[in-house]
Amino acid sequence: MQNIKHFTPYEPESPAFPGAAYLKSEDGQDWYECQKRFAEDTLKFTYDDNGVITCITRDVSGLWPYNRSVAEVPDTEENRRADISGRWRFDGANITDLMTPDKAREQKAREIEAWRNIQENANYVFAFNGRNWDYGKATQERLSLSVQMAKANKLPDGFIWTDADNNDIPMTSGELINLSDAIDQAMFTKGLQIHMR
């Protein structure tokens, strides 16, 4: 099984194909020349300095190991599980799974947190008093100063609030406060739904 390390660009003295890019390994092997050393029935892959697999194929000519190493392993069902997700590592002899149970739990926790953050910061629409209204953190932020003015009875005459269908709706102080309360309730309910999944 081949394991040829750290290919970098170089200029051959007599290039077979002028203008083509060339790579050579740390022990001086030309990439094009050493490809014939790989068996036809193996999995070939590139890996980085940490051993993480970055490309995998059966056809060695499909690899371009720029600043990478190239190795091959038997084409077994176990080795075919490897992919280029960053989860698989070559230890010099075998492909190993970097995903330990602890790492899997950490990754799943990060995925859940990212999903929850997206859901909590999204905008939604709900029906209230025969109209569709936006709600979410952005709506609450926009609404807060107007509600503060409504509670102080300082809304200007002809005050409007735009509904989810982009209609300008005239609002009294009481109507705006009721809408704000309904938005708070909708957000609370949505928050429960998000956290119960």
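Position 104 (the sequence shown) corresponds to 103 in numbering that gives the first Met the number 0; numbering is contiguous.
Here a beta-carbon is modelled for each residue, glycine too, at the ideal position from N, C-alpha and C.
Exercise. Go to Glu71, then tell me how far its beta strand (DSSP E) extends in each direction, as first and last residue.
Key: For the purposes of this step, residue 71 is taken as the residue at position 72 of the sequence shown. Start and end: 68-73.
Practice problem: Determine the burial state of Val146: buried for a count of at least 16 other Cβ atoms within 10 Å of its Cβ, exposed for fewer. | Solution: Walking along the sequence shown from the start, residue 146 turns up at place 147. With 16 or more other Cβ atoms within 10 Å, it is buried.
Practice problem: Could you check if Leu144 is buried or exposed, using at least 16 other CB atoms within 10 Å of its CB as the buried criterion? | Solution: Within the sequence shown, numbered from 1, the residue matching residue 144 stands at position 145. Using a 10 angstroms sphere on the CB of Leu144, the tally of other CB atoms stays under 16, which defines it as exposed.
Quiz item: Can you tell me whether DSSP reads Thr171 as helix, strand or coil?
Solution: On the sequence shown, residue 171 is found 172 positions in, with the first residue counted as 1. Thr171: coil per DSSP, three-state reduction.
Quiz item: Are the beta-carbon atoms belonging to Pro64 and Thr45 less than 8 Å from one another?
Solution: Residue numbering aside, residue 64 sits at position 65 when the sequence shown is read from its first letter. Residue numbering aside, residue 45 sits at position 46 when the sequence shown is read from its first letter. The beta carbons of Pro64 and Thr45 sit closer together than 8 Å.
Quiz item: If you draw a straight line from the alpha carbon of Pro155 to that of Ile176, how long is it in whole angstroms?
Solution: Counting from 1 along the sequence shown, the entry for residue 155 is found at position 156. Counting from 1 along the sequence shown, the entry for residue 176 is found at position 177. For Pro155 and Ile176, the distance between alpha carbons rounds to 15 Å.
Practice problem: Could you tell me how far apart the beta carbons of Leu22 and Asn78 are, in whole angstroms, since I believe they sit closer than 8 Å? | Solution: As a position in the sequence shown, residue 22 is number 23, starting the count at 1. As a position in the sequence shown, residue 78 is number 79, starting the count at 1. At roughly 24 Å, the Cβ-Cβ gap does not stay under 8 Å, so Leu22 and Asn78 are not in contact.
Quiz item: Whole-angstrom Cβ separation of Ser179 and Asn152, contact assumed at under 8 Å?
Solution: Along the sequence shown, one-based indexing puts residue 179 at 180. Along the sequence shown, one-based indexing puts residue 152 at 153. About 15 Å separates the two Cβ atoms, so there is no contact after all.
Quiz prompt | Contact under 8 Å by Cβ, Leu97 with Arg88 | solution = Position 98 of the sequence shown, counting from 1, holds the residue named residue 97. Position 89 of the sequence shown, counting from 1, holds the residue named residue 88. In this structure, Arg88 lies closer than 8 Å to Leu97 by Cβ.
Quiz item: Would DSSP call Phe44 helix, strand or coil?
Solution: Counting from 1 along the sequence shown, the entry for residue 44 is found at position 45. DSSP, read as helix, strand or coil, puts Phe44 in strand.
Exercise. Indicate the three-state DSSP secondary structure (helix, strand or coil) for Ala20 in the structure shown.
Key: Walking along the sequence shown from the start, residue 20 turns up at place 21. In this structure, DSSP gives Ala20 a state outside helix and strand, which the three-state scheme calls coil.
Exercise. For the region 96-133, list the alpha helix (DSSP H) runs that are entirely contained and at least 4 residues long, ordered along the chain.
Key: For the region 96-133, whole alpha helix (DSSP H) runs of length 4 or above, ordered along the chain, are 100-120.
Exercise. Look at the Cβ atom of Thr138, then the Cβ atom of Asn122, and state whether they are nearer than 8 Å.
Key: Here residue 138 corresponds to residue number 139 of the sequence shown, with the count starting at 1. Here residue 122 corresponds to residue number 123 of the sequence shown, with the count starting at 1. It is a contact, given that the beta carbons lie within the stated cut-off.
Quiz prompt | CA nearest to the CA of Asn128, picked from Ile83, Asp48, Met170 | solution = Translated into positions along the sequence shown, residue 128 becomes position 129. Closest by alpha carbon: Met170.
Exercise. To the nearest angstrom, report how far apart Gln1 and Gln34 are at their CA atoms.
Key: Locating residue 1 in the sequence shown gives position 2, where the first residue counts as 1. Locating residue 34 in the sequence shown gives position 35, where the first residue counts as 1. Each residue's Cα considered, the two are about 10 Å apart.
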